[in-house]
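Protein chains in written order, with full-length UniProt numbering: chain A, 1 to 486; chain B, 1 to 508. The beta carbon of each residue, even a glycine, is placed where N, CA and C say it ideally should be.
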Amino acid sequence: MDLTFAHFIALLPLLVTTGTAIAVMLLIAWKRNHRIAYIASVAGLLLALLSIQPALEAAPLDVTALLRMDAFGYFYTALLLVATLTCITLAHAYLGRKPGEGGFPGNREELYLLMLLSASGGIVLVTSQHLAALLIGLELLSVPVYGLAAYAFFNRHSLEAGLKYMVLSAAGSAFLLFGMALLYAESGSLDFVGIGISLGTGEFAPLVQAGMVMILVGLGFKLSLVPFHLWTPDVYQGAPAPVAAYLATASKVGVFVVLVRLYQLSPATYGGWLDSTLSVIAIASILIGNLLALQQNNLKRLLGYSSIAHFGYLLIALIASSGLAGEAIAVYLVTYVLTTLGAFGVVALMSSPFKGRDADALFEYRGLFWRRPYLTAVLTVMMLSLAGIPLTAGFIGKFYILATGVQAQLWWLIGALIIGSAIGLFYYLRVMVTLYLVEPGLMRREPPINWPQRAGGIMLLAITALAFFLGIYPQPLLQLAQAAGL
Amino acid sequence: MLPWLILVPFLGGLLCWLVERVNQTLPRWIALFAMGLLLALGLWLWLLGDYRLAPSPADAGVWAMEYRQVWIARLGINLHLALDGLSLLMVVLTGLLGVLSVLCSWNEIQRHVGFFHLNLLWILGGVVGVFLAMDLFLFFFFWEMMLVPMYFLIALWGHSGDGKKTRITAATKFFIYTQASGLLMLVAILGLVLVHYLNSGVVTFDYARLLETELTPGIEYLLMLGFFIAFAVKFPLVPFHAWLPDAHAQAPTAGSVDLAGILLKTAAYGMIRFALPLFPNASAEFAPIAMTLGLIGIFYGALLAFAQTDIKRLVAYSSISHMGFVLIGIYSGSELALQGAVILMLAHGLSAAALFILCGQLYERVHTRDMRQMGGLWRRLPWLPPLSLFFAVASLGLPGTGNFIGEFLVLFGAFAAHPWVVVIATFGLVLSSVYSLAMVHRAYFGPASSPEPLPGLDGREIGMVLTLVVLLVLLGIYPQPALDTAQASAQGIRQWLGTAITPFASIR
């Protein structure tokens, strides 16, 4: 297949992101400077975001058999890029000053490099239409995250998180590969549509079923769906806060989007048995995720469990796969990413400049309102949004999921969603009210806030404003989501 | 005009929060002004508007006033506000109680005054939104939105009781009950929209359009239940009432006033406006069950009220009992009873608000809500005990007060169709006099714990309560303006239910 100019235009976001990664790597090799590395990363990501506009004009376009650049892919590319940009800014605030001056003791610049690499993996993943591209994208997305999770390697928890994530992620990938091999053995094809066509006619062989289940297991690990969720709280707790934010948003979005594409393009996935399996997983994720979150006194663990539940909600739209489902997934993912970034962002800013251990215990947030009112406002809105209360973006997302569920008449799943939300409310409210409790004698002076933190803070406020705005006037987002259908 | 009714509280609340840094009393004046403006706007609309027309099966789109603006075009959601006599009465009540709740927290709330008034005004803004929204999405939006400020009001400014029952537990309980049941209603709304979409191919959340939806009996019943349960939790009906006493007991006075005075009324309003007209057949079929629940509520509330030692919990349980009458009035299918239910909603709003204000004033003086530690206050305190006595007898339905008119109309109107329900409900009135008088007796009579006189009421406190006295008596001796205003709305509802009830009437 010839690559024409149009193909390169269509690939621009991916090319710019990878180019930035290489540039940052060279910059670090040439002269190690925290600020320059950060500025280069941000500039590259912004450029990649801007390049979506010309790329959209060349789309939809198949670039080799591996990637399909279409509005759907670009929508999530943009989401990934924005998430990465936010995480990088948070990391900038988190890492703090020079090693000697009370900042992060290790090398700080490589964090940006790893995130950029991972983001380019995410872009490959959301545009892939071929099992090979799926694997490449997924590995490129996950492998840098091993390093990221263990980035604060002198901290036992961080190291543990990195190791745990590596082992389990590799196990997930092994399942995924095995599943792909089984599918290939039966269908003789690796691209999503081809698999669908060759399997769409006949009876489903056990081999296909086994293959699909294994792929599902592999992706389920990355999405931390129950029963493949055991790694999530530990890794979220151990990983530095900006990295945990990245894990919970960009990494999960990429994997979920490829699952959507696989599910919708390849009729091999149609059929009752897979829907039933997914339904069981969804209900289990919603209930178990929420129930386990109830007892948490650690904000990062709590958010980890709640993210399990949120992907359970998302599975409802995936199972429905008709009518509003595509839009529902888009809207929900956007609101989820916004909200999760905001929540982890507060943890990151609370922990910065780097203090050895993250400020993630709930008691450290007692009475935060009287010390840092803006951060509290951010976290309050994020908790309300996660709980799906009107006036916040989360409500629109939940509304869409419910509408999809009602449309497809998935009553059991809707029941699980309602129960799950009721349980969820309990711990979201607990976090929220903790922020406002007055504790005598707790009024300790906060360290003065430096510029990187202020940049992070301004960005968090912008995220909060956006979450508010989308909650009140969601029309722009809905239009985008509608245009980004498969 | 209509959007301003909603915007005034919201903007006023924001302003209160912003000026908090400048001055601690300024937020109070701003809040008072905003609420006064809301009340004035409501009264102005009452004077000017023509409320002889209201939605009915013949024409569901008739409103005294309407406002429409496209909001979320993708889903056919409009900012559709409309006003008829029923909504107007509720808005005026909201404005009045809004003014009172600002006034009654004048001394009680000393911490974070601006943030307090932000929450207070946002609750009221949400409530006004509920009373005006004629788009089901918008309705749900406001319905859920008022929970958050109420949660903060209870959790941050509430009183922590003894032992485990802290204000935060109470607030969380309130939130979870109402939010989870609200989601059930959202599912029912979506189901209704979906059925309408499958029938007509149009996605819309508009009230008038959805009224035309043709539903099969099974689906209608299910959807009706979704709405009913959400309203029943807020009403509150007996199996779903557990949040109410806790929330009331821990809430600050203004929170209790709003909760009893208007938040409970949103549920009754929702039933009248949405549950009955949208699902007339299912509602007619369900009416006996609903009325039984009302009866259970009357007796259960009254018995538990009698057993309370905490004076605020007593008033809270008495609300459950009174709302039982409202429910019977709503589901009896008689226009007269429905009118009575509306009057009772107003009267109960006034009398419960007054009782909670008095409880608050009492608490500020004796620093306890436990009636076992009160006793003999009649001699130690001027003004407050006789006023309490007045509202106690008003709440037991003494002729000459609005509560009497309401209860009488409900019982009288429902008697023709449901004599047995009325006969049983009448005994509830006996119980209500028992607990009301018991409250007065325990708190104000008997031996005094100390001979020291307590500080009397100041002009603000007396003024608030006397206003309520005057209004309640006015409603009791000349309820005609309120009856006229709500008449068209009640007639419309009766026609909806009437077409559905007739086939059943012949069976019986």
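- Rounded to whole angstroms, residue 277 of chain A and residue 97 of chain B show a C-alpha spacing of 53 Å.
- Closest by C-alpha distance to residue 309 of chain A, out of A:324, A:381, A:347 and A:387, is A:387.
- The residues 129, 130, 131, 261, 262, 265 and 266, in chain order, have a CB closer than 8 Å to that of residue 192 of chain A in the same chain once the five nearest residues on each side in sequence are set aside.
- Counting along the chain, the unbroken beta strand (DSSP E) around residue 65 of chain B starts and ends at 65-72.
- The Cβ atoms of residue 439 of chain B and residue 392 of chain B lie closer than 7 Å to each other.
- Inter-segment contact for the stretch 350-365 of chain A and the stretch 108-119 of chain B is absent: fewer than three beta-carbon pairs are separated by less than 8 Å.
- The stretch 392-410 of chain A and the stretch 176-194 of chain B touch, with three or more beta-carbon pairs separated by less than 8 Å.
- When only Cα atoms are considered, residue 212 of chain B and residue 368 of chain A end up about 51 Å apart.
- Counted as a single uninterrupted DSSP element, the beta strand (DSSP E) harbouring residue 78 of chain B occupies residues 77-83.
- A direct Cα-to-Cα measurement between residue 455 of chain A and residue 89 of chain A gives close to 8 Å.
- Nearest in C-alpha terms to residue 293 of chain A, of all of A:121, A:91 and A:302, is A:302.
- At a cut-off of 7 Å between C-beta atoms, residue 331 of chain A does not count as an interface residue with respect to chain B.
- Checking the DSSP bridge columns, you'll see residue 67 of chain A partnered with A:63 and A:128.
- When 9 Å is used as the limit between beta carbons, residue 402 of chain A is near these residues of chain B: 183, 186, 187 and 190, in chain order.
- Between residue 392 of chain A and residue 384 of chain A, the beta carbon gap of about 5 Å places them in contact (Cβ cut-off 8 Å).
- Distance from the Cα of residue 42 of chain A is smallest, within the candidate group A:111, A:151, A:169 and A:148, for A:111.
- The residue among A:464, A:327 and A:374 with its C-alpha nearest the C-alpha of residue 475 of chain A is A:327.
- Look at the stretch 467-479 of chain A: the residues with a C-beta under 8 Å from a C-beta of chain B are 473, 474, 475, 478 and 479.
- By the C-beta density criterion, residue 204 of chain B is buried, having at least 16 other C-beta atoms within 10 angstroms.
- When Cβ-Cβ separations below 7 Å define contact, residue 427 of chain A makes no contact with chain B.
- A residue is called buried when at least 16 other Cβ atoms come within 10 angstroms of its Cβ; residue 60 of chain A does not meet this threshold and is exposed.
- Residue 416 of chain B carries a coil assignment under DSSP once its states are collapsed to helix, strand and coil.
- In terms of Cβ geometry, residue 329 of chain B and residue 410 of chain B form a close pair [threshold 7 Å].
- For residue 261 of chain B, there is no enclosing alpha helix (DSSP H), as DSSP marks it with neither H nor E.
- Residue nearest to residue 81 of chain A within the set A:51, A:228 and A:381 is A:51 (criterion: CA-CA distance).
- Considering only A:273, A:20 and A:144, the residue with the shortest C-alpha distance to residue 243 of chain A is A:144.
- With fewer than 16 other Cβ atoms inside 10 Å of its own Cβ, residue 22 of chain B counts as exposed.
- The alpha-carbon separation between residue 91 of chain A and residue 146 of chain A amounts to approximately 16 Å.
- Interface criterion not met: the Cβ of residue 287 of chain A is under 7 Å from no Cβ in chain B.
- In the displayed model, residue 448 of chain B falls within coil according to three-state DSSP, outside both helix and strand.
- The C-beta of residue 202 of chain B comes no closer than 7 Å to any C-beta of chain A.
- One alpha carbon belongs to residue 91 of chain B, the other to residue 42 of chain B, and they sit about 6 Å apart.
- Counting along the chain, no alpha helix (DSSP H) covers residue 51 of chain A, and no H or E run does either.
- Taking 7 Å as the CB threshold, residue 406 of chain A lines the interface with chain B.
- The residue among B:427, B:456 and B:469 with its C-alpha nearest the C-alpha of residue 402 of chain B is B:469.
- Taken atom to atom, the span from the alpha-carbon of residue 8 of chain A to that of residue 26 of chain A is near 23 Å.
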